[in-house]
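Q: Below: one structure in C-alpha cells.
Residue numbers (the working numbering): 62 to 576.
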C-alpha cells in the first residue's frame, strides 16, 4: 500500500520533470527493494521459528524414545521390587510420545506396535518374575524383547534422521538469509551509485559548466556558448541561455560596427575641422596684432572673444583626435624616457599659474628614493595639466592644491592631485572617466578630459581613479608601473593598448546610446 502511494506521488513528478526521472525511478526501485528485503526477512524469520520448533519437537521425541528404551532395558534387568517402577516410567514416556506424535499417523502406528510388543513381552516377563524361576529367560521372551527394542531403535533412528534434516533446513534458511541481505545490500549500493552518477551527470556537470561560462559572460565574452544538449530542463535552460547570449553577441557586434563608423566619422570631421580652425585662429591672431590695421577697443574685445571660442573649439577637436588615436591603438607613438617629476610639476604649475584668475596655493611634494619610471613626459604632463585644471576650476580663492608623487608598494608609483573643492557624489565617481561624462560639481567643457587621461595612463600600463566625499574635496590619482627594462615596457604597453581597444569602444557605445 505504501509503495502504491509512493508510486502515485512520483508519477506526476516524472511526467513534469525529465531531469530527475531516472532518480525517481531508481528511488522507487530502491524502496521496493527495501520493502522486499524486509518482507523476505520476516518470512525467513517465520520459517526459522517454525524450523526451530520442529527441531525442538524432534529433540523431545528423541529424548522420550531414549527414555522408553532405557525403561525397557532397565525393566528387563530389574527384580520384582523394581518391576512396578520401571513400568510407570515406560508408560509415562509412551504417553508423552503419543501426544508428541499425534499428527504423524505412521509413527502412531509404530507406537501402537511398540505398545503391543511391550504388552506381550510384559506378560511373559511378569510370569517369570512371579514364579521367581532361577532359569534363564525363555526363547519367546527374548524374541519379544528384541522385537520391542528394534521398534524403539527404529523410532529413535527415524527421529535422528528427521533431526538432521531439520537442522540442514535451518542451516539453509540461515544461508538464504545471508544471501538475501548481501544481494539487497549490493543492490542498494548500486542504486545509490546510480543516483549519484545521474545527479553528477545531469545536474553537477551542466551546472558547473554553466557557472564557468557565466564567469566568461561577466567578463564580456558573450561569444562563448554553453554547448550542453539534453532533453531535460537543464538542457532547455542551456539552449535558452545560448540563444540569448548569441543574440547579445550579435547586438554587441552591431553596436561595435556602428561605434566604429561613428569613431571614423568623428575622426574625419575632427581632421577636417582642424585646418579651418587653425586658419581662423591665425587670422584672429593677426587681427589682434593689428596686422591689417588699427583695431579699436570694441572690436578688440569682440576678436578676443572669437579667439577664445576658436581656441576652445580647437582644443575639443584636438581632444577628439587624440581620443580616436588612443582608441585605435596604432596611432600613438609614446616616447619613453626616465621621468623627472620635479621638472614635470614645475612646468605644469607654471603653465596653470599663467591662466589663474584668483589666488591659489599650488604645492608639489616628491617622495624620497623614488624608483625610475619610464613614460612619455609630454603625455604625463597633459594628464597632470588636465587634473590640475579641474582642481583649479572647483577650488575657491586662497585654497591649497597639492601635487604629490610617492611609491605604492614595490612595483608602482602613485601621483595625486588633491583639492579642497565641493567633492563628488558617490554615484558619479564610477562613470567620471567615461567619455562625455562630467561631475555636477566639476564644471568642465567637453567631458573628454578625464577620459583622455584614462587613455594615456592605461597606455602607460597604469590605472586612474578618484577618492572624494561631498564637502571634503577630491583626490585624483593615477599609478604608473616600475620597469627597469625600457624595451620590455614598450612591448607590454603596445600589447595592452591593443587588447583594451574593444573595451574602450564598447564603453563609448554605451555612453553614446544613453544620450
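For each residue, glycine too, the CB sits at the ideal point set by N, CA and C.
Note that the structure is predicted; figures quoted are calculated from it, not measured.
Closest to residue 121 by C-alpha separation, out of 162, 133 and 90, would be which residue?
A: Here the closest residue by C-alpha is 162.
Q: For residue 467 and residue 357, what's the separation of their Cα atoms in angstroms?
A: Inter-residue distance for residue 467 and residue 357 is about 52 Å (C-alpha atoms, whole angstroms).
Q: Just list the residues that DSSP pairs residue 436 with in beta bridges.
A: 398
Q: On the CB-based measure, 16 or more other CB atoms within 10 Å of its CB, does residue 301 come out buried or exposed?
A: Exposed.
Q: Buried or exposed, going by whether 16 or more other CB atoms sit within 10 Å of the CB of residue 107?
A: So residue 107 ends up on the exposed side.
Q: Just checking my contact of residue 512 with residue 496 at CB under 8 Å: how many whole Å lie between their CB atoms?
A: 5 Å
Q: With distances taken from CA atoms, which of 320, 130, 289 and 248 is nearest residue 207?
A: With distances taken between Cα atoms, residue 207 lies closest to 130.
Q: Give me, in chain order, the residues of the same chain whose beta-carbon lies closer than 8 Å to that of residue 399; leave out the 5 immediate sequence neighbours on both sides.
A: 433, 434 and 435
Q: Considering residue 492, what are the terminal residues of the alpha helix (DSSP H) in which it resides?
A: Taken as a continuous stretch (DSSP letters only), residue 492 belongs to no alpha helix (DSSP H), as it is neither H nor E.
Q: In its own chain, which residues sit with a C-beta less than 7 Å from the C-beta of residue 287, not counting the 5 before and 5 after it?
A: 270, 271, 274, 299, 302 and 303
Q: Measure the alpha-carbon distance for residue 248 versus residue 220 and round it to whole angstroms.
A: 41 Å
Q: Counting beta carbon pairs with one atom in the region 413–425 and one in the region 537–545, are three or more of them shorter than 8 Å?
A: no
Q: By Cβ distance, which residues of its chain are closer than 8 Å to residue 169, with the 5 residues on each side in sequence left out?
A: Only 159, 162 and 163 meet the Cβ criterion.
Q: Would you mind reading off the limits of the beta strand (DSSP E) that contains residue 535?
A: 535–542
Q: Within the same chain, show all residues whose beta-carbon is closer than 6 Å to that of residue 426, passing over the 5 residues directly before and after it, in chain order.
A: Closer than 6 Å at Cβ, skipping near neighbours: 465.
Q: Suppose the cutoff is 6 Å on Cβ atoms and the five residues either side in sequence are ignored; what does the same chain contact list for residue 446 look like?
A: 409
Q: Rank 383, 380 and 344 by C-alpha distance to the C-alpha of residue 364 and give the top, closest one.
A: Of the candidates 383, 380 and 344, the residue whose Cα lies closest to the Cα of residue 364 is 344.
Q: Could you check the C-alpha separation between residue 246 and residue 289 for me, to the nearest Å?
A: For residue 246 and residue 289, the distance between alpha carbons rounds to 35 Å.
Q: Is the region 109–128 close to the region 89–101, with three or more CB pairs under 8 Å?
A: no
Q: When you compare each of 281, 222 and 324 to residue 307 by their alpha carbons, which one comes out closest?
A: Nearest C-alpha to residue 307: 281.
Q: Sort out for me which residues DSSP pairs residue 468 with in a bridge.
A: 474
Q: Taking the straight line between their C-alpha atoms, what separation do you get for residue 294 and residue 313?
A: 28 Å
Q: What does DSSP give as the partner residues of residue 526 in its beta bridges?
A: 538
Q: Which of helix, strand or coil does DSSP assign to residue 463?
A: strand
Q: Between residue 381 and the rest of its own chain, which residues show a CB-CB distance below 6 Å, the 5 nearest in sequence each way excluded?
A: 327 and 331
Q: Grab me the residues of residue 205's own chain with a C-beta within less than 8 Å of its C-beta, minus the 5 sequence neighbours each way, in chain order.
A: 178, 181, 182 and 185
Q: Evaluate residue 339 with the Cβ neighbour count: other Cβ atoms within 10 Å of its Cβ, from every protein chain shown; 16 or more gives buried, anything less gives exposed.
A: exposed
Q: Which of helix, strand or coil does DSSP assign to residue 425?
A: strand
Q: Would you call the CB atoms of residue 463 and residue 490 closer than 7 Å?
A: no
Q: Comparing C-alpha positions only, which one of 215, 234 and 444 sits nearest to residue 101?
A: Measuring from the Cα of residue 101, the nearest candidate turns out to be 234.
Q: Please identify the residue among 401, 403, 383 and 402 whose C-alpha is closest to the C-alpha of residue 394.
A: 383
Q: Tell me, which residues are paired with residue 115 by DSSP?
A: According to DSSP, which records beta bridges pairwise, residue 115 is partnered with nothing at all.
Q: Name, in chain order, the residues that DSSP records as bridge partners for residue 479.
A: 463 and 536
Q: Under a three-way DSSP split, which group does residue 280 fall into?
A: coil
Q: Select from 252, 317, 325 and 284 the residue whose C-alpha is nearest the C-alpha of residue 310.
A: 284
Q: In whole angstroms, what separates the C-alpha of residue 125 from that of residue 153?
A: 9 Å
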